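Shown next, in structure tokens, is the structure this report addresses.
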Amino acid sequence: MASGLDGAELYCYVATCLNKVVGVLFARAEGNICWLRANYDLEDYIYFMQHGSLEFATIVHFFLSSSVQSRAKLFIREVMRQARKTC
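Mind the numbering: the sequence shown is residues 3 to 89 in our numbering, read in order.
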């Protein structure tokens, strides 16, 4: 975990299989969810009362090899679990 130029936490996760890199995900902690709520219709998809304000993250970059593309949902879910983010 590192900090970006704006002070937000940055996360980098690497997926490997048989000692080869098959996926990379960069995410940043989203501290200003009020801006997101004002500019996007997130209430249609997210029940905000279930999530704390520190539990949001934005995926900045995401790459997954075509050989493991079917496991993309599992990879993202595990990243969110390890980063302690729910949304």
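Glycine included, C-beta positions come from ideal geometry on N, C-alpha and C.
Since the model is a prediction, treat every value here as computed from it, not as a measurement.
If I measure Cβ to Cβ from ARG86 and keep anything under 8 Å in the same chain, skipping five residues before and after, which residues do I get? GLU57
Alpha helix (DSSP H) segment containing LYS22, residue limits: Element bounds for LYS22: not the alpha helix (DSSP H) but the beta strand (DSSP E), 22 to 31.
If I'm right that ALA17 touches PHE77 with Cβ under 8 Å, what's the distance once you round it to whole angstroms? 6 Å
Counted within 10 angstroms of its Cβ, other Cβ atoms place MET82 as buried (16 or more) or exposed: buried
Would PHE28 pass as a contact of LEU12 if the rule is Cβ separation under 8 Å? yes
Suppose contacts are defined by Cβ-Cβ distances below 8 Å. Is GLY25 in contact with SER67 by that definition? yes
Taking buried to mean at least 16 other C-beta atoms within 10 Å of its own C-beta, is ALA59 buried or exposed? buried
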